[in-house]
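Protein chains in written order, with the numbering used here: chain A, 154 to 391; chain B, 154 to 391. Virtual Cβ for every residue (Gly too), placed ideally from N, Cα, C. Since the model is a prediction, treat every value here as computed from it, not as a measurement. First comes the structure, then the notes that go with it.
Number of protein chains: 2
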Amino acid sequence: MDEQPGNMIKEVSVDCVMFGFHADELKVLLLKWSDQDWSLPRGRIFRYEPIADAASRVLSETTGIQDVFLQQFHTFGATARVRNLPGHGNNESPERLAYELFHESIVSIGYYALVDFEKVVPNVTGTYQWCEIPAIPELLLDHNDMIELALVALRKDLRYLPIANLLPQKFTLREMQKLYETILNRKFDRRNFHKLLMSYDFLIKLPEKRLGTANKSPHLYQIDSEKYETALQDGISY
Amino acid sequence: MDEQPGNMIKEVSVDCVMFGFHADELKVLLLKWSDQDWSLPRGRIFRYEPIADAASRVLSETTGIQDVFLQQFHTFGATARVRNLPGHGNNESPERLAYELFHESIVSIGYYALVDFEKVVPNVTGTYQWCEIPAIPELLLDHNDMIELALVALRKDLRYLPIANLLPQKFTLREMQKLYETILNRKFDRRNFHKLLMSYDFLIKLPEKRLGTANKSPHLYQIDSEKYETALQDGISY
DNA sequence: TCGTTAGTGCGTAATTTTTACGCTAAGACC
DNA sequence: GGTCTTAGCGTAAAAATTACGCACTAACGA
C-alpha cells in the first residue's frame, strides 16, 4: 500500500447505465470505441460540479438528451476495474500499461438513468446504440458488473417508487404494465394493476386514444408531474 | 465550469457513520477536533485499495475495532460540502480559505457501520466518543446530512436484511427486539417478534442465561454465522 | 417460602394486504 | 354484426400481518 499523498489522488468518473424500453424489452445504451471495445457512457466531474449534474451532462453530451431521471446506485473502487482495458488480448501492450498506470486509481460513481427509448436515436456514425440486456457484449472496465448492479437497484426502487420515466410522454396502461412486467420479470393481473395505478393518483387520463391498434383503442395517459413528485417523496419515506 | 484536466482531479475520501446501540438508544461515533469541531471518522483511499477496505481501515485506525459490518449507502459531491469547515464563525479566515481551496473538489463515499457498542470505548484523550442521535452537534462538512441519509439507508436495509451486528455476541431476544424497535421507531408484539426471529433460523439458543435481572432470567442467544450469511444472501435477492 | 413479574412458547382470532377472477359495457377494427 | 380488447366495477379466496389469550417456568425480593 502506497501512502504518499500524491498517489492517493483519484480520478473520479461518473458512469451511467441508461435504460430504455422498447418492444417489451429493456435495453441499455452502449458506446462503441471499436469493433471490440464497448463501454457505458462516462465522464469526469468538473470543479464545483454536483455529481448528479455531471451524470446528466455526460448523458446529454453523448446523446443530446435532457432532463432524464437519474438515480445514484453504487460507487466502484479501483481493484475490480484494473482489467478489460482497451488493447485487450495483449496484456503486455504499451498502450494497455499506460492506460492502467493512468487509470489505476479510478473511482466511478454509478448512476442509472431512465429515458424514453424513442428520444434517443442511435446516431449516424454509430458511436452509440441500444442493446438488449441479454445481448450485451463484454464491456470495458467493470461495466458489465455495473449494469448488473444497476438492474438490481432499479428492481428494488421499483418496489417503492412509481417509475414512469421509461415511457413516452403519452402511454397506455397496457404499456406501463408491460414495463413493470419486464423489469420485475413477473406477470400482473390487468385489473389489479389498473386499480393499483389509479390508487397512486398521479396519472391523467387523456381524451385521446391510441388509434390503429386491433380492436378497441386504449386511452392514453400522462404523468401529472406535480402529483408524481409528491408520490416519489412519499414512496421514499416510511 | 473549469474544464482543465488538472482541476478535475478529486480527493476521494471514505466517511463512516458508525452506529452503536446502548441503553435503548442508537448512537453515532464522532471525532473531536476541538470544542466546536466534530466530524465523522474519515480517511483517504490508498492506491490499489478497495473502497470497502479503506472504510474498515479508517474505523480500525481511529477506534481499533476490527471486522465491522459495513454498507456503502451514498456518495457525496463537492457542492454541499463547501461549508462548515474548521474556523467556522469567521468565513474570511485564511485557514478557512486555504481549507476550502484544498478540499473544494472532494468526493466522499459514505459507509455506515454497525458495531457492538461495548467494543468501542471512548479513548482517554477523548478524541472520539459516542453521541446519541438527537444530541449530535453541528458537524464539519456535510456530515449531519450524511448521518441522516445513513439512518434512512439502515432502516431500509433492516426491512430485508436481518441485522444483528449492533448487539454484543451474546444477547437476549428482548435486546434484539429493542434494537429493532429503536431503529424502526415502532413497537412489536413480544410473541410475534419471537416467532419471526425463530423463523429466520440463524439464532443459537445458549444454555446460559442473563442473570441479575429482575424476575426470571432471559436466555442468551448468539448468531450462527454460517446460517446468518446465507440469510443475508437470501434477503437481498428476490 | 411465597407472591410478583417477566420469559418462553404454544395456539388462534382478527385484520389487512395481496392475488385471482367473474361480469358488464363500450368501442375500434374487420 | 362479430370479435376482441379496453375499462371499470365488484368480490371471493388466499396469504401475510397483527393482536392477544393462556399455560408454564423461573429468578428475584420480601
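Cβ neighbour criterion (16 or more within 10 Å) applied to residue i
i, result
"Glu245/A", "Only weak support is given to the placement of Glu245/A: the predicted model assigns it a pLDDT of 49, under 50, and the value that follows is read from those uncertain coordinates. The residue is exposed, with fewer than 16 neighbouring Cβ atoms inside 10 Å."
"Thr215/B", "buried"
"Ile357/B", "exposed"
"Ser261/B", "buried"
"Val277/A", "exposed"
"Asp342/A", "exposed"
"Phe295/A", "Reading off the sequence, residue 295/A comes out as Asp, not Phe. Buried, because 16 or more other Cβ atoms sit within 10 Å of the Cβ of Asp295/A."
Same chain, Cβ closer than 6 Å to residue i, five either side skipped, listed in chain order
i, result
"His227/B", "Gly263, Leu302"
"Phe174/B", "Phe270, Leu319, Leu332"
"Asn297/A", "none"
"Phe346/A", "Gln330"
"Glu379/A", "none"
"Glu361/A", "Leu373"
"Gln397/A", "This structure leaves residue 397/A out entirely; chain A is present only between 154 and 391."
"Ala288/B", "none"
Own chain partners of residue i with C-beta closer than 8 Å, once the 5 adjacent residues on each side are dropped
i, result
"Tyr381/A", "Pro315, Ala317, Phe355"
"Gln151/A", "Residue coverage of chain A in this structure runs from 154 to 391, which leaves residue 151/A outside it and unanswerable."
"Ala207/A", "Val167, Gly196, Arg197, Ile198, Phe199"
"Val165/A", "Arg197, Ile198, Ile259, Val260, Ser261, Ile262"
"Pro203/B", "none"
"Gly279/B", "Lys185"
"Asp188/A", "none"
Spatial neighbours of residue i in its chain, beta-carbon cut-off 7 Å, leaving aside the 5 residues before and after
i, result
"Arg327/A", "Pro371"
"Glu178/A", "Glu285, Thr335"
"Gly230/B", "Val260"
"Thr366/B", "none"
"Pro321/A", "Asp269, Glu271"
"Lys340/B", "Glu334"
Under 7 Å from the C-beta of residue i: neighbouring residues of chain B
i, result
"His296/A", "Simply none; closest approach about 17 Å."
Residue j beta carbon less than 8 Å from that of residue i
i, j, result
"Thr325/B", "Tyr374/B", "yes"
"Leu223/A", "Ser213/A", "no"
"Ser192/A", "Leu267/A", "no"
"Val211/A", "Arg200/A", "no"
"Lys272/A", "Ile218/A", "yes"
"Leu337/B", "Arg308/B", "yes"
"Ile300/B", "Val221/B", "no"
"Tyr353/A", "Ala384/A", "yes"
"Leu349/A", "Lys323/A", "no"
Simplified DSSP state of residue i, which is helix, strand or coil
i, result
"Pro239/A", "Legend: pLDDT at Pro239/A = 49, less than 50; position of this residue unreliable, value from coordinates given subsequently. In the structure shown, Pro239/A sits in coil (DSSP, three-state: anything other than H, G, I, E or B)."
"Asp206/A", "helix"
"Arg344/B", "helix"
"Gln219/A", "coil"
"Ala303/B", "helix"
"Tyr201/B", "coil"
"Leu254/A", "Residue confidence for Leu254/A is low, a pLDDT of 44 falling below 50, so the modelled location carries little weight and cannot support an answer."
"Gln386/B", "helix"
"Glu328/B", "helix"
"Tyr313/B", "coil"
"Pro287/A", "helix"
"Asp298/B", "helix"
"Thr280/B", "coil"
"Ser261/A", "strand"
"Val268/A", "coil"
"Ser192/A", "strand"
"Ser166/B", "strand"
"Lys380/A", "helix"
"Val274/B", "coil"
"Thr335/A", "helix"
"Leu414/B", "Residue 414/B lies beyond the stretch modelled for chain B, which goes from 154 to 391, so this question has no answer here."
"Leu349/B", "helix"
"Met171/A", "strand"
Neighbour list for residue i in chain B, Cβ cutoff strictly below 9 Å
i, result
"His175/A", "Residues of chain B passing the Cβ test: none, with the nearest at roughly 24 Å."
Per-residue contacts from residue i into chain B (C-beta, under 8 Å)
i, result
"Gln225/A", "His227, Thr228"
Within chain A, partners of residue i - CB distance below 8 Å
i, result
"Ile262/B", "Thr228, Val260"
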